[in-house]
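Add 53 to a position in the sequence shown, counting from 1, and you land on the number used in our numbering. Ideal placement from N, C-alpha and C gives every residue a C-beta, glycine not left out. All values derive from a computational prediction rather than experimental measurement.
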Amino acid sequence: MPKSQNQAYVDIPKIEEAIGYKFKNPKLLITALTHSSYANEMHDGTKFNERLEFLGDSVLSVVVSDYIYKNCPEFPEGKLTKLRASLVCEKSLYGYAKRIGLGDHIRLSKGEKNCGGADRPSIVSDAFEAVIAAMYIDGGIETAREFILRFVVPDIRSERPVKYKDYKTLLQEIIQENPEERITYEVVRETGPDHNKHFVVEVHLNSSNVIGKGGGRSKKDAEQEAARVALELLGY
54 MPKSQNQAYV
64 DIPKIEEAIG
74 YKFKNPKLLI
84 TALTHSSYAN
94 EMHDGTKFNE
104 RLEFLGDSVL
114 SVVVSDYIYK
124 NCPEFPEGKL
134 TKLRASLVCE
144 KSLYGYAKRI
154 GLGDHIRLSK
164 GEKNCGGADR
174 PSIVSDAFEA
184 VIAAMYIDGG
194 IETAREFILR
204 FVVPDIRSER
214 PVKYKDYKTL
224 LQEIIQENPE
234 ERITYEVVRE
244 TGPDHNKHFV
254 VEVHLNSSNV
264 IGKGGGRSKK
274 DAEQEAARVA
284 LELLGY
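Here's what the structure looks like:
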C-alpha cells in the first residue's frame, strides 16, 4: 500500500475551528496529534508528540500559575500549589480535551485505536498539552494563554466555585462583563473597641442597589463577606 494511502487523514480546518486558532505552520498541529504508536507503525520517521507534550506541560503550568497568583491574592503558597495541581492534572486536561473532541483527531496505530486509545485519558491529555505547545510555537505565549484560560477560568468559576477565588475579584470580573455597571463598597456600621472592632459593609450595584451585606473584624473581611453574599444572590 502506498504511504499516502496508509497515513491517517488529519482534518486540519475542523481541528482549527474546534481550538479557535488557525496555524501558520499546520505541521505543528499534525505532530501534536500524532501518538508514538502511529509513528512506530509507519516506519518512515513520522514525528510524534512527546517532545511537544513536554513543552506544553511547562507552558500550561506557567499560564495557570500566573493566573491564579494574580486572581487568588489571599491564597498562601500551599493552596496555590494544590489549586494548580487540580487544574493541570490528567483528569482535568482530559475533560478539557473532551470538550473539543480532541481524541477523535489523534493519529494512533491500528492496535491502539482498536483498544480505545482515542478515549484513553493519558493519551488524550498528553495530546492536549502537545496542542498547547504547538500553539505556543506557532503563535506565541498570548495565543497559548488565551486557549488555556478558555478552559481553566470557567472551571474555577463553575465546577470549583468561589472557594478557590477571592470573592471581591470574582464579583468584579462578573460585573465588568457589563461595562455600564459598577460596584462600590460602603461601611454602614462600625462597633466595638479599637482592639476588637466589628465592621458591617454593603456592596452596591450602580450606587443604589444593595446586592450584598457582610460583617467582619476588619473592613477587608467585611467586604469579602459582602461580596460572597452578592455572588450567591447573582447565582454564583
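Assuming residue i and residue j form a contact by the criterion Cβ under 8 Å, report the distance between their Cβ atoms to the nearest whole angstrom.
| i | j | result |
| --- | --- | --- |
| Val177 | Leu155 | 6 Å |
| Asp274 | Glu182 | Wrong, their Cβ atoms sit about 39 Å apart, outside the cutoff. |
| Val254 | Val263 | About 11 Å separates the two Cβ atoms, so there is no contact after all. |
| Asp208 | Ser145 | 7 Å |
Within the same chain, show all residues whose beta-carbon is closer than 8 Å to that of residue i, passing over the 5 residues directly before and after it, in chain order.
| i | result |
| --- | --- |
| Glu212 | Legend: pLDDT at Glu212 = 42, less than 50; position of this residue unreliable, value from coordinates given subsequently. So no residue of the chain qualifies. |
Less than 7 Å separating the beta-carbons of residue i and residue j?
| i | j | result |
| --- | --- | --- |
| Ala279 | Gly267 | yes |
| Pro129 | Tyr147 | no |
| Arg203 | Val116 | no |
| Glu106 | Asp179 | yes |
| Leu133 | Ile121 | yes |
| Ala61 | Arg160 | yes |
| Leu108 | Ala186 | yes |
| Ser162 | Glu94 | yes |
Quick one, which of the options has its alpha-carbon nearest residue i's?
| i | options | result |
| --- | --- | --- |
| Arg235 | Glu243, Arg242, Glu226 and Phe128 | Glu226 |
| Thr237 | Pro246, Leu223, Gly148 and Ser261 | Ser261 |
| Ser271 | Glu94, Val282 and His251 | His251 |
| Ala71 | Tyr62, Cys168, Ala61 and Leu82 | Leu82 |
| Thr196 | Asp247, Thr99, Glu94 and Glu69 | Glu69 |
| Lys135 | Lys151, Asn124, Ala150 and Ser118 | Ser118 |
| Gly245 | Gly269, Val256 and Phe101 | Gly269 |
| Ser139 | Val184, Glu165, Asn249 and Val205 | Val205 |
| Thr87 | His158, Gly193, Pro232 and Pro126 | His158 |
| Cys168 | Ser90, Glu276, His257 and Cys125 | Ser90 |
| Ile228 | Tyr74, Val256 and Glu243 | Val256 |
| Ala92 | Gly164, Leu286 and Glu276 | Gly164 |
| Pro126 | Gln277, Asn249 and Val282 | Gln277 |
| Gly265 | Glu243, Glu239 and His248 | Glu239 |
| Gly101 | Gly131, Asn249, Val184 and Tyr149 | One point to set straight first is that residue 101 is Phe, not Gly, in the sequence displayed. Out of Gly131, Asn249, Val184 and Tyr149, Val184 has the C-alpha closest to the C-alpha of Phe101. |
Beta-carbon within less than 7 Å of residue i's beta-carbon, same chain only, minus the 5 sequence neighbours each way: which residues are those?
| i | result |
| --- | --- |
| Lys56 | Model confidence at Lys56 stands at a pLDDT of 41, short of 50, so the residue's coordinates are unreliable; what they give is reported in the following sentence. Once the five neighbours on either side are set aside, the close Cβ partners of Lys56 are Asp97. |
| Leu284 | Val215, Tyr220, Leu223 and Leu224 |
| Asn259 | Glu234 and Arg235 |
| Asp191 | Phe76, Lys77, Asn78 and Leu81 |
| Tyr74 | Met188, Gly192, Thr196 and Phe200 |
| Glu143 | Pro174, Ser175 and Ser178 |
| Lys149 | One detail in the question is off: residue 149 reads as Tyr in this sequence, not Lys. Only Phe181 and Phe204 meet the Cβ criterion. |
| Val282 | Gly265, Lys266 and Gly267 |
By the DSSP assignment, the beta strand (DSSP E) with residue i in it spans what residues?
| i | result |
| --- | --- |
| Val5 | In the structure as shown, the chain starts at 54 and stops at 289, and residue 5 therefore has no counterpart that could be examined. |
| Glu195 | Per DSSP, Glu195 belongs to no beta strand (DSSP E); it is in the alpha helix (DSSP H), Ile194 to Pro207. |
| Asn262 | Asn262 to Gly269 |
| Glu255 | His251 to Leu258 |
Please confirm whether residue i has its beta-carbon closer than 7 Å to some beta-carbon of chain E.
| i | result |
| --- | --- |
| Glu103 | No chain E is present in this structure, which holds just one protein chain. |
The ligand FMN and residue i: does any heavy atom of the ligand fall closer than 6 Å to the residue's C-beta?
| i | result |
| --- | --- |
| Leu287 | In the structure shown, the ligand FMN is absent, as is every other ligand, since no ligand is present at all. |
Quick check on the DSSP output: the alpha helix (DSSP H) that includes residue i runs from which residue to which?
| i | result |
| --- | --- |
| Val63 | No alpha helix (DSSP H) holds Val63; DSSP gives it neither H nor E. |
| Pro79 | Pro79 to Ala85 |
| Glu230 | Per DSSP, Glu230 belongs to no alpha helix (DSSP H) and is neither H nor E. |
| Gly164 | Lys163 to Asn167 |
| Phe107 | Glu103 to Asn124 |
| Gly148 | Glu143 to Arg152 |
| Leu286 | Lys272 to Leu286 |
| Tyr91 | Ser89 to Met95 |
Identify, in the order they occur along the chain, each residue of the same chain with its Cβ nearer than 6 Å to the Cβ of residue i, setting aside the five sequence neighbours on each side.
| i | result |
| --- | --- |
| Asn124 | Thr222 |
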